[in-house]
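Quick note on numbering: the sequence shown equals residues 0 to 624 in numbering that gives the first Met the number 0.
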Amino acid sequence: MSVLALLVLLLPLAGFLINALFGRALARQLVGWVGAGSVGLAFGSALAVLVQVAGGQQLDHTYFTWWNSAGFEIPFNLYIDPLSTLMALVITGVGFMIHVYSIGYMAGEDRGGFSRFFAYMNLFVFSMLLLVLSGNFVWLIVGWAGVGLSSYLLIGFWYERTSAVLAARKAFVMNVIGDVGMMFAAFVIFLNLKALDYGTVLQPDRIHQLPKGGTVITAICLLLLVGAVAKSAQLPLHTWLPDAMEGPTPVSALIHAATMVTAGVYLVARMHALYDWAPAAAATVAIIGAVTALFAATIGTAQVDIKRILAYSTMSQIGYMFLAVGIGAYTAGMFHFMTHAFFKALLFMAAGNVIHAFHEDQDIRHMGNVRSGLPITFWTFLIGTLSISGFPLMAGFVSKDEIIRAALTSTGGFVLLGVLALVTAGLTAFYMFRLFLTAFGWEWLGHDERHLHEAPSVQTVPIMILAAGAVFGGAIPVGSFLKPVFGESPAIGSAPFFGVAGLSILVAVIGFAVAYQLYARRPEMAAVVRRRLGPVHAMVEHKYYVDELYDLVFVRPGFAIGRLLRDFIEPRVIDGLVDGTAELFRVEAAEFRSLQTGRVRNYALVTLVGAGFIAGYLFFFVRPA
Numbered sequence: 000m001s002v003l004a005l006l007v008l009l010l011p012l013a014g015f016l017i018n019a020l021f022g023r024a025l026a027r028q029l030v031g032w033v034g035a036g037s038v039g040l041a042f043g044s045a046l047a048v049l050v051q052v053a054g055g056q057q058l059d060h061t062y063f064t065w066w067n068s069a070g071f072e073i074p075f076n077l078y079i080d081p082l083s084t085l086m087a088l089v090i091t092g093v094g095f096m097i098h099v100y101s102i103g104y105m106a107g108e109d110r111g112g113f114s115r116f117f118a119y120m121n122l123f124v125f126s127m128l129l130l131v132l133s134g135n136f137v138w139l140i141v142g143w144a145g146v147g148l149s150s151y152l153l154i155g156f157w158y159e160r161t162s163a164v165l166a167a168r169k170a171f172v173m174n175v176i177g178d179v180g181m182m183f184a185a186f187v188i189f190l191n192l193k194a195l196d197y198g199t200v201l202q203p204d205r206i207h208q209l210p211k212g213g214t215v216i217t218a219i220c221l222l223l224l225v226g227a228v229a230k231s232a233q234l235p236l237h238t239w240l241p242d243a244m245e246g247p248t249p250v251s252a253l254i255h256a257a258t259m260v261t262a263g264v265y266l267v268a269r270m271h272a273l274y275d276w277a278p279a280a281a282a283t284v285a286i287i288g289a290v291t292a293l294f295a296a297t298i299g300t301a302q303v304d305i306k307r308i309l310a311y312s313t314m315s316q317i318g319y320m321f322l323a324v325g326i327g328a329y330t331a332g333m334f335h336f337m338t339h340a341f342f343k344a345l346l347f348m349a350a351g352n353v354i355h356a357f358h359e360d361q362d363i364r365h366m367g368n369v370r371s372g373l374p375i376t377f378w379t380f381l382i383g384t385l386s387i388s389g390f391p392l393m394a395g396f397v398s399k400d401e402i403i404r405a406a407l408t409s410t411g412g413f414v415l416l417g418v419l420a421l422v423t424a425g426l427t428a429f430y431m432f433r434l435f436l437t438a439f440g441w442e443w444l445g446h447d448e449r450h451l452h453e454a455p456s457v458q459t460v461p462i463m464i465l466a467a468g469a470v471f472g473g474a475i476p477v478g479s480f481l482k483p484v485f486g487e488s489p490a491i492g493s494a495p496f497f498g499v500a501g502l503s504i505l506v507a508v509i510g511f512a513v514a515y516q517l518y519a520r521r522p523e524m525a526a527v528v529r530r531r532l533g534p535v536h537a538m539v540e541h542k543y544y545v546d547e548l549y550d551l552v553f554v555r556p557g558f559a560i561g562r563l564l565r566d567f568i569e570p571r572v573i574d575g576l577v578d579g580t581a582e583l584f585r586v587e588a589a590e591f592r593s594l595q596t597g598r599v600r601n602y603a604l605v606t607l608v609g610a611g612f613i614a615g616y617l618f619f620f621v622r623p624a
């Protein structure tokens with residue numbers, strides 16, 4: 000299994016190296032299939048690992064020692080268990096679908112841009128796999144930083160656009176804040192637990208050396224949470240995610256569905272032994288998740304850019320996952336991670352087909368009635384909408400209902416957070432059907448005179464496969480598969496399944512009914528509602544002015560300090576000190592240079608005078624012994 004696990008990691012790296020070094024010289028078709036094929040082969044290797052892990056095997060294998068000093072070693076080791084295997088399967092499986100889709104979506108790029116895109120995508124997948132497969136904090140942080148770097152490259156892929164460059168920079172800065180938290184957490188862990196490998200750090204006897212709920216263990220978990228919040232775009236480090244829509248649509252699918260934004264959820268789940276010993280930190284995770292879920296859902300109700308609506312839905316769904324892992328329902332959180340990967344990748348890629356059909360216009364108000372021209376995209380997007388909205392028989396319903404039930408019945412007193420999750424479910428159904436009814440239309444049998452054309456099969460087949468996952472993914476026995484990692488969930492009480500499920504269905508139906516009334520049956524009412532809400536709607540439409548607040552508190556003072564350093568400190572202090580020192584030596588050198596006349600008699604005179612001074616000194620001041 001050690002060889003298979005290494006193949007999962009190294010195959011995308013090989014794809015990156017081939018396309019980065021030789022992509023411009025290769026045929027476009029070969030570039031695309033090297034990029035997609037390397038991830039597909041990694042998925043095949045992950046399936047082989049799954050067979051062995053499902054049979055009870057686990058692996059903590061050291062391949063080589065990267066650092067050895069004074070008896071302290073940092074190995075390169077992979078930690079393979081059901082949790083890391085599930086992550087690897089979703090990353091490579093859904094990632095493969097996105098890579099195949101990209102072959103068609105990015106067909107309009109020139110050869111250099113085409114190869115560069117797939118090189119970046121492979122680097123992203125490799126970095127994410129390193130993050131989830133690594134067996135110690137050092138390589139976790141390396142993968143964590145690699146994901147940040149590759150996301151920067153992909154978000155700013157169209158670097159000719161100022162907006163793309165600014166969005167990439169914003170994502171990078173926000174993620175670096177999280178990186179700092181991660182590194183401090185690793186330092187505190189090493190100082191107190193004297194180890195950095197999971198096999199040692201996560202052992203209960205080692206963790207229990209620290210007082211439960213004490214300052215040290217709580218600080219470790221909160222510092223890890225800083226990294227998780229930044230990477231998963233949770234409050235208050237969330238503002239980079241909507242702007243990340245400046246990247247190509249496949250990038251949005253990859254970042255939002257199976258990889259980057261789920262890293263924070265994985266981190267908390269992987270470190271569950273630490274969070275179980277720090278209840279205050281775990282509660283903080285749950286609160287941030289529930290509040291972010293509701294916060295992002297309200298913003299999604301007022302946006303008109305199709306990709307930004309899906310971006311805020313990602314924030315909200317990740318919030319559900321944070322809520323789950325925060326209350327100890329780790330299996331439920333990871334289950335929703337898997338189903339979310341199916342329907343969110345599907346939604347983004349189907350949205351990409353519609354954006355292409357409407358000549359890169361992303362405003363849902365300029366779309367509508369696309370069923371006759373894009374039937375596959377229409378029906379698959381509807382399936383994704385039903386799944387994320389939590390309608391019965393859909394994968395999203397099963398996984399989301401587990402989280403809501405866990406929160407409402409939690410013995411840790413998280414009922415209020417469960418209520419927030421329930422309200423968020425209703426809002427999710429509302430804004431997603433608002434999106435569907437506006438962008439796709441409700442004219443089921445209408446004839447479209449615009450002659451829209453369906454995307455090629457290389458783009459439609461992946462979304463059909465993901466649509467199957469969005470429907471049937473809820474039947475995958477994730478709970479029993481992850482039981483060796485998390486065991487039972489002691490924080491979760493019991494409640495009648497159908498009672499909570501009934502509430503979930505009810506709020507989803509209400510959300511759909513309101514959206515249908517406002518955007519299909521009587522669309523003029525939507526404008527009336529917006530006018531009556533007035534400043535409330537404006538606040539939600541402007542995302543609660545968080546970006547403006549950060550601009551006022553951080554960005555403008557930062558620029559002001561920068562101007563002060565540039566216009567005053569640098570020229571007058573730094574440059575003045577350097578230039579003044581140089582001028583002092585120049586003046587002194589000029590004075591000494593004047594003594595160098597080149598005339599022998601002058602030198603003889605100076606020698607004679609100097610000898611006279613020495614003789615006078617010896618005669619008058621130095622007495623013989």
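Yeah, the Cβ is synthetic: ideal placement off N, Cα and C, and Gly gets one too.
Bear in mind the structure is a predicted one, so any value in this text is a computation, not a measurement.
Subject >> Cβ-based burial, LEU576 [other Cβ within 10 Å; buried from 16] >> reply: Looking up residue 576 in the sequence shown gives position 577. Exposed.
Original post:
Looking at C-alpha atoms only, which residue of ILE464, TYR197, GLY533 is the closest neighbour of MET348?
Top reply: Taking the sequence shown and counting its residues from 1, one reaches residue 348 at position 349. The shortest C-alpha separation from MET348 is found at ILE464.
Original post:
Leaving out five residues before and five after PRO241 in sequence, what residues of the same chain have Cβ atoms less than 6 Å from its Cβ?
Top reply: Taking the sequence shown and counting its residues from 1, one reaches residue 241 at position 242. If we look at PRO241 and ignore the five residues flanking it on each side, its Cβ neighbours are ARG307, ALA310.
Subject >> Beta-carbon contacts of THR84 that lie in its chain and below 6 Å, excluding the five residues immediately before and after >> reply: Locating residue 84 in the sequence shown gives position 85, where the first residue counts as 1. Taken in chain order, the residues that qualify are VAL48, LEU49, VAL52.
**OP:** Report yes or no: do the stretch 501-515 and the stretch 390-398 share at least 3 C-beta pairs separated by less than 8 Å?
**Re:** yes
**OP:** Kindly indicate which residue of VAL89, PRO74, LEU617 has the alpha-carbon position closest to the one of VAL81.
**Re:** Position 82 of the sequence shown holds residue 81. In the sequence as presented, Val is not what sits at residue 81; that position holds Pro. Out of VAL89, PRO74, LEU617, VAL89 has the C-alpha closest to the C-alpha of PRO81.
Subject >> Terminal residues of the beta strand (DSSP E) in which SER150 lies >> reply: Within the sequence shown, numbered from 1, the residue matching residue 150 stands at position 151. No beta strand (DSSP E) holds SER150; the alpha helix (DSSP H) holding it covers 136-154.
Subject >> Whether ALA285 touches GLY226 by CB criterion (8 Å) >> reply: Reading the sequence shown from its first residue, position 286 is the one you call residue 285. Reading the sequence shown from its first residue, position 227 is the one you call residue 226. No; because the gap between Cβ atoms is not below 8 Å, this pair is not in contact.
Subject >> Backbone CA spacing between GLY445 and HIS452 [nearest angstrom] >> reply: Here the question's residue 445 lines up with position 446 in the sequence shown. Here the question's residue 452 lines up with position 453 in the sequence shown. Bear in mind that a pLDDT of 47 at GLY445, under 50, signals an unreliable position, so the number given afterwards is only what the model happens to contain. The straight-line gap from Cα to Cα measures roughly 15 Å.
Original post:
What's the C-alpha gap between LEU8 and LEU129?
Top reply: The count along the sequence shown starts at 1 and reaches residue 8 at position 9. The count along the sequence shown starts at 1 and reaches residue 129 at position 130. Approximately 7 Å between the Cα atoms of the pair.
**OP:** Quick one: give me the first and last residue of the beta strand (DSSP E) that TRP65 is part of.
**Re:** The count along the sequence shown starts at 1 and reaches residue 65 at position 66. Taken as a continuous stretch (DSSP letters only), the beta strand (DSSP E) holding TRP65 covers 58-68.
Original post:
How would you write the range of the alpha helix (DSSP H) that PRO235 sits in, first residue to last?
Top reply: Along the sequence shown, one-based indexing puts residue 235 at 236. Run containing PRO235: none; DSSP gives neither H nor E here.
**OP:** Please name the residue or residues paired with ASN76 in a DSSP beta bridge.
**Re:** If you number the sequence shown from 1, residue 76 lands on position 77. DSSP, once it has assigned bridges, lists THR61 as partnering ASN76.
Original post:
From the DSSP output, which residues share a beta bridge with PHE71?
Top reply: Residue 71 sits at position 72 when you count from the first residue of the sequence shown. PHE71 is bridged to SER68.
**OP:** For the stretch 392-410 and the stretch 313-328, state whether three or more C-beta atom pairs, one from each stretch, are separated by less than 8 Å.
**Re:** In short, these stretches touch, since the Cβ pair count reaches three.
Subject >> Closest by C-alpha distance to TRP239, when choosing among THR297, GLY147, ASP400 >> reply: Locating residue 239 in the sequence shown gives position 240, where the first residue counts as 1. Measuring from the Cα of TRP239, the nearest candidate turns out to be GLY147.
Original post:
Start and end of the alpha helix (DSSP H) containing PHE334?
Top reply: Residue 334 sits at position 335 when you count from the first residue of the sequence shown. First-last of the alpha helix (DSSP H) with PHE334: 329-356.
**OP:** Leaving aside the five residues before and after GLY637 along the sequence, list all residues of the same chain whose C-beta is less than 7 Å from its C-beta, in chain order.
**Re:** Since the first residue of the chain shown is 0 and the last is 624, residue 637 is not available in this structure.
**OP:** To the nearest angstrom, report how far apart TYR100 and THR376 are at their CA atoms.
**Re:** Here residue 100 refers to the residue found at position 101 when the sequence shown is read from its first residue. Here residue 376 refers to the residue found at position 377 when the sequence shown is read from its first residue. Approximately 13 Å, taken between the alpha carbons.
Subject >> Cβ-based burial, THR199 [other Cβ within 10 Å; buried from 16] >> reply: One-based indexing of the sequence shown puts residue 199 at position 200. Looking at its Cβ environment, which holds fewer than 16 other Cβ atoms inside 10 Å, THR199 is exposed.
Subject >> Beta bridge counterpart(s) of ASP304 as assigned by DSSP >> reply: Position 305 of the sequence shown holds residue 304. Looking at the DSSP assignment, ASP304 forms a beta bridge with ASP362.
Original post:
Secondary structure at SER371, three-state DSSP: helix, strand or coil?
Top reply: Counting from 1 along the sequence shown, the entry for residue 371 is found at position 372. It is coil, neither helix nor strand.
Original post:
For ASP196, which of helix, strand or coil comes out of DSSP?
Top reply: Translated into the one-based positions of the sequence shown, residue 196 becomes position 197. ASP196 falls in the strand class under three-state DSSP.
Original post:
Among LEU436, ILE354, GLY351, which residue has its Cα nearest to the Cα of ASN368?
Top reply: Against the sequence shown, residue 368 aligns to sequence position 369. The candidate whose alpha carbon is nearest that of ASN368 is LEU436.
Original post:
Does the stretch 418-435 come close enough to the stretch 511-518 to have 3 or more Cβ pairs within less than 8 Å?
Top reply: yes
Original post:
Leaving out the 5 sequence neighbours to the left and right, which residues in its chain are closer than 6 Å to SER386 when beta-carbon positions are compared?
Top reply: Indexing the sequence shown from 1 puts residue 386 at position 387. Here the set comprises PHE342, MET393, ALA394, GLY395, ALA469.
**OP:** Starting from PRO534, trace the alpha helix (DSSP H) both ways and give me its first and last residue.
**Re:** Here the question's residue 534 lines up with position 535 in the sequence shown. From DSSP, the alpha helix (DSSP H) with PRO534 extends over 534-540.
**OP:** Starting from the Cα of SER162, find the closest Cα among ILE317, ALA526, ALA243 and give me that residue.
**Re:** For the purposes of this step, residue 162 is identified with residue 163 of the sequence shown, where counting begins at 1. Comparing Cα-Cα distances from SER162 to each of ILE317, ALA526, ALA243, the minimum goes to ALA243.
Subject >> ILE140 versus GLU587 - alpha carbon distance >> reply: Within the sequence shown, the letter at position 141 stands for residue 140. Within the sequence shown, the letter at position 588 stands for residue 587. C-alpha separation (whole angstroms): 53 Å.
**OP:** Could you tell me the boundaries of the alpha helix (DSSP H) in which ASP204 lies?
**Re:** Here residue 204 is taken as the residue at index 205 of the sequence shown, counted from 1. Residues 203-206.
Original post:
In three-state DSSP terms, what is SER133?
Top reply: Translated into the one-based positions of the sequence shown, residue 133 becomes position 134. Correct three-state label for SER133: strand.
Original post:
Considering only C-alpha positions, which residue in the set GLY155, GLY177, GLY92 is nearest to ALA167?
Top reply: One-based indexing of the sequence shown puts residue 167 at position 168. Closest by alpha carbon: GLY155.
**OP:** Using the Cα positions of ALA282 and HIS271, report the straight-line distance between them to the nearest angstrom.
**Re:** Looking up residue 282 in the sequence shown gives position 283. Looking up residue 271 in the sequence shown gives position 272. Taking the straight line joining both Cα atoms gives about 13 Å.
**OP:** Leaving aside the five residues before and after ASP178 along the sequence, list all residues of the same chain whose C-beta is less than 8 Å from its C-beta, in chain order.
**Re:** One-based indexing of the sequence shown puts residue 178 at position 179. Cβ within range, chain order: ILE140, TRP143, ALA144, GLY147, GLY226, ALA229.
Subject >> Residues of its chain near LEU152, where Cβ-Cβ distance is below 7 Å and the 5 sequence neighbours each way are ignored >> reply: Counting from one through the sequence shown, the residue named residue 152 turns up at place 153. Contacts found: TYR119.
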